[in-house]
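Chains as they are written, first to last, in my numbering: chain A, 5 to 214; chain B, 5 to 214. A short write-up of the structure that comes next.
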């Protein structure tokens, strides 16, 4: 009995993931989720509350899985960006889900807020150690690294209709995918590369940067 | 009479812009647009067709205004990115509108497809002339430049709730805004900077660094 309800809850979450990735919160239909999950619509409300709360559960699960699959590494930001690229390529629904969240539930979850604090603190430390260029603050760097890693999934709306590129990762040929990935990783490497400083002449103003 | 209908159509488009930026297509209500525009709901259908077609008109107008305000310059991509940043900062509804489009009407419009062709062709020419680094193709470069320019507007979902940064440009202090803009412009400058090629005398290991 308990096992049955666990299985039902998992089917509901999986069906909700599909539905929300396709239609967002406003466009999603709990009826369709119930049908796809072979579950009773009433039980969805019992298990998960309203549609927004069900969405929050789906997002929470996706964020947890993302954090597990793609650990943050302030010492290897190009590798981190490449891993995000791979993670998003593996499941084109993920980026759609996150974009719906930004539009329909923009408030950061507690998981997102904690993750942001942890990452910017690690970036600040890497900047102090001279491993990451200190010209811009950790918040800017993090945002730009994430934007580069997600570029092909958030920004490709301008690609031509006859190109597989406009539809996201899964439709890419291996060759295209590798090219896009290399460009992302290289862009992040350039972004964080420590600029050569004028060595002996560095005056006291240098200290402010750190 | 003709002047009246022009004024009504303009009010409908302005109200539709607000409604779609806030709620997207699925969430938008033609009733609310009619109320806000002080127009007859039936006339919205007469002038603009269904809700999707009204959205397409709003997007078309926004894209035309964007192309006018932010001319593409393959020879000055950092400046182009800065101008996009300014354009998006001036009206936080714009990026939301574009994100809804990517999710709900992903097919590029003919204007988008033409603009993409023109920009990648100009980038390819700038690469041939040695003004833009040729390591990656024009499609990758364009996507990465756009992602950097839009980073704070598409990616800021991870910023902490108590920071004005998570809500978009209009809430930023002048100081924050200038910092974000400088980071974007610098990131694009690094991305397109032509790498030093191995000159005859340069040792191989050194060349990799540049």
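Glycine included, each C-beta is placed from N, C-alpha and C at the ideal position.
About 6 angstroms separates the beta carbon of residue 188 (chain B) from that of residue 85 (chain B), a gap short enough to meet the 8 angstroms contact definition. Spatial neighbours of residue 83 (chain B) in its own chain (CB-CB distance under 7 angstroms, excluding positions within 5 residues in sequence) are listed in chain order as 77. Neighbours of residue 104 (chain B) in chain A, taken as residues whose beta carbon is under 8 angstroms from its own, are 107 in chain order. Judged by their CB atoms, residue 191 (chain B) and residue 150 (chain B) are not nearer to each other than the 8 angstroms cut-off.
Residue state for residue 109 (chain B) is assigned as coil, using DSSP reduced to three classes.
In the structure shown, the three-state DSSP call for residue 140 (chain A) is coil. The C-beta of residue 178 (chain A) has fewer than 16 other C-beta atoms within 10 Å across all chains shown, which makes the residue exposed. Under the Cβ distance rule, residue 190 (chain A) counts among the residues neighbouring chain B, one pair being separated by less than 8 angstroms.
By the criterion of a C-beta distance shorter than 6 angstroms, residue 131 (chain B) is surrounded in its chain by 138, once the five residues flanking it on both sides are discounted.
Inclusion of residue 102 (chain B) and residue 87 (chain B) in the CB contact set at 8 angstroms is not warranted, their separation being larger than that value. DSSP places residue 196 (chain A) inside the alpha helix (DSSP H), whose first and last residues are 178–196. Contact between the segment 31–39 of chain A and the segment 33–53 of chain B is absent: fewer than three C-beta pairs spanning the two stretches fall below 8 angstroms.
Scanning the segment 51–97 of chain B for uninterrupted alpha helix (DSSP H) segments of 4 residues or longer gives 55–73, 81–94, listed from N- to C-terminal end. At a cut-off of 8 angstroms, the C-beta of residue 144 (chain A) has a neighbouring C-beta in chain B.
Residue 195 (chain A) and residue 107 (chain A) have their C-alpha atoms roughly 28 angstroms apart. Using a Cβ-Cβ cut-off of 8 angstroms, residue 154 (chain A) counts as an interface residue toward chain B, since at least one Cβ of chain B sits closer than that to its own. Apart from the 5 residues on each side of it in sequence, residue 64 (chain A) sits with its Cβ closer than 7 angstroms to the Cβ of 113, 115 in its chain, given in chain order. In the displayed model, residue 39 (chain A) falls within a helix according to three-state DSSP. Taking a Cβ-Cβ threshold of 9 angstroms, none of the residues of chain B is close to residue 86 (chain A); the smallest such distance is about 14 angstroms. In this structure, the straight-line span from the alpha carbon of residue 176 (chain A) to that of residue 42 (chain B) is close to 47 angstroms. For residue 128 (chain B), the enclosing alpha helix (DSSP H) has its first and last residue at 114–132.
DSSP, reduced to helix, strand and coil, places residue 135 (chain A) outside both helices and strands of the structure shown, so it counts as coil. In terms of CA proximity to residue 97 (chain B), B:18 leads the group B:12, B:14, B:18. Counting the other Cβ atoms within 10 Å of the Cβ of residue 23 (chain B) gives 16 or more, which makes it buried. For residue 91 (chain A), the nearest beta carbon of chain B is not closer than 8 angstroms to its own beta carbon. In this structure, the alpha-carbon of residue 146 (chain A) lies about 24 angstroms from that of residue 104 (chain B).
Rounded to whole angstroms, the gap between the alpha carbons of residue 12 (chain B) and residue 25 (chain B) is 20 angstroms. Excluding five sequence positions before and after residue 44 (chain A), the CB atoms of its chain that fall closer than 7 angstroms to its own CB belong to 38, given in chain order. For residue 100 (chain A), at least one C-beta of chain B is nearer than 8 angstroms to its own C-beta. Here DSSP, grouped into helix, strand and coil, assigns residue 32 (chain A) to coil. It is roughly 35 angstroms from the alpha-carbon of residue 61 (chain B) to the alpha-carbon of residue 183 (chain B).
Against chain A, the CB of residue 147 (chain B) has a partner CB under 8 angstroms away; the residue lies at that interface.
Between residue 124 (chain B) and residue 143 (chain B), the gap from beta carbon to beta carbon is short of 8 angstroms. Of the candidates B:71, B:66, B:67, B:27, B:27 places its Cα closest to the Cα of residue 55 (chain B). Among the CB atoms of chain A, one or more fall inside 8 angstroms of the CB of residue 184 (chain B). Contact of residue 28 (chain A) with chain B by beta-carbon distance below 7 angstroms involves 28, 30, 107.
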